[in-house]
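Take -18 as the starting number for the sequence shown in my numbering and just add one per residue. The structure appears right after this line, and notes come after that.
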Amino acid sequence: MVAVVRGVFEPMFTLKYALRQGGPKRLYLTHEGKWQNTVLTIDDTTVGTFANQKALKKGDRFILQDDLVLDVKLLKSGLRIRRNGKPIPGSSDYSKGNAHIAIIAVAAAGIINLFFTLVALILIILDVIFGINVFANLGVVPPNLVALAFSTTVEGLIFLGLSYWLSKYVSMLVLIVAIALQTANIGLNIMDVVQSNSSGGTSIISFKILILLGMLWGVSPLQKFKAQKAALEAEDTI
-18 MVAVVRGVFE PMFTLKYALR QGGPKRLYLT HEGKWQNTVL TIDDTTVGTF ANQKALKKGD
42 RFILQDDLVL DVKLLKSGLR IRRNGKPIPG SSDYSKGNAH IAIIAVAAAG IINLFFTLVA
102 LILIILDVIF GINVFANLGV VPPNLVALAF STTVEGLIFL GLSYWLSKYV SMLVLIVAIA
162 LQTANIGLNI MDVVQSNSSG GTSIISFKIL ILLGMLWGVS PLQKFKAQKA ALEAEDTI
């Protein structure tokens, strides 16, 4: 009785894939919970089946018409589907890889700048409304808080915009622009520290350098992803 109930109420899942970048999602993969009774179809025609998760982990190759070869295998990282030896969009090895580190780093550059904007605004409010000059109490020459708030707001919004464009379009040009801006930002901060003969900004510089390293770390994975994408786009529509 339990087996019958499970069979009737076992949920079905459907995954849809395009066989090439920008193409229609013609490949459907349906399965029950835990990858049971997996069925692959292209244009409503069944091309392969897997009885259970064990069979899917073992993987299989399906040779179809028009010299189309599909390799399907379940890995720890997800479902790997390759068309003629190349990953199709959405499969586990067709991904941005460590390029997401660059996206996070660019976004972090924006967030940290907006954080400085918030700090500057708080200091302005304390000074103007409550008459509390934090820098005077510390014996430190105060910066131009209005200019600081404006510049960090602009920089923060620029970096957040770049992170959005980078995540959406996976553009190497966007990443290069972000790296150049962050490098220039660090250079200006170093000049300020040297001119003021103070070590107060070294921790901020160190943090910004870590963010820059994150951006640089994503260059190679981004190039690999772009190469995968270009290879698929170059293939003829099947």
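Positions of the beta carbon are idealized from the N, C-alpha and C atoms, including for glycine.
First and last residue of the alpha helix (DSSP H) that includes N94?
80 to 109
Sorted by chain position, which residues of the same chain lie with C-beta nearer than 7 Å to L104's C-beta, five sequence neighbours on each side aside?
The residues are V115, L126.
Grab the span of the alpha helix (DSSP H) containing V174 for me, first residue to last.
From DSSP, the alpha helix (DSSP H) with V174 extends over 153 to 177.
Between the Cα of G59 and those of E136, F140, K38, spot the shortest distance and give me the residue it belongs to.
K38
Since K(-3) is in the beta strand (DSSP E), which residue starts that stretch and which ends it?
It spans -7 to -2 - the beta strand (DSSP E) in which K(-3) sits, taken as one unbroken run.
Mind pulling the beta strand (DSSP E) runs of 3 or more residues that sit fully within the region 43 to 72?
Those beta strand (DSSP E) runs which fall completely within the region 43 to 72 and span 3+ residues are 50 to 56, 59 to 64.
Inspect the beta-carbon positions of L203 and A80 and report whether they are closer than 9 Å.
Cβ atoms of L203 and A80: closer than 9 Å.
Quick check: the Cα distance between I171 and I110, rounded to an integer number of angstroms?
Answer to the nearest angstrom: the Cα atoms are 33 Å apart.
In three-state DSSP terms, what is I185?
helix
Within a Cβ cutoff of 7 Å, which residues of the same chain sit near L102, ignoring the five residues on either side of it in sequence?
A130
Are the beta-carbon atoms belonging to A84 and S148 less than 9 Å from one another?
The sequence shown places Ile at residue 84, rather than the Ala named in the question. A contact, by the Cβ cut-off of 9 Å.
Look up Q34 in the DSSP assignment and say whether it is helix, strand or coil.
helix
If you compare alpha carbons, which of T26, Y(-2), L56 is closest to L45?
T26
Rounded to the nearest angstrom, how far is the Cβ of W16 from that of Q34, given a contact under 8 Å?
Between Q34 and W16 the Cβ distance is about 4 Å, and since that is below 8 Å, they are a contact.
Following the continuous alpha helix (DSSP H) through I139, name the residue where it begins and the one where it ends.
126 to 150
Tell me whether M(-18) sits in a helix, a strand or coil according to DSSP, three-state version.
Its pLDDT being 33, under 50, M(-18) is placed unreliably in this model, and the coordinates cannot settle the point.
Can you look up G4 in the DSSP assignment and give me helix, strand or coil?
Looking at G4 - three-state DSSP - the assignment turns out to be coil, as it is neither helix nor strand.
Helix or strand or just coil, what does DSSP make of D217?
With a pLDDT of only 43 at D217, under 50, the local geometry of the prediction cannot be trusted, and the value read off the model is given with reservation. D217 carries a coil assignment under DSSP once its states are collapsed to helix, strand and coil.
Checking the sheet assignment: what are the DSSP bridge partners for V230?
For residue 230 there is no data in the structure shown, the boundaries of the chain being -18 and 219.
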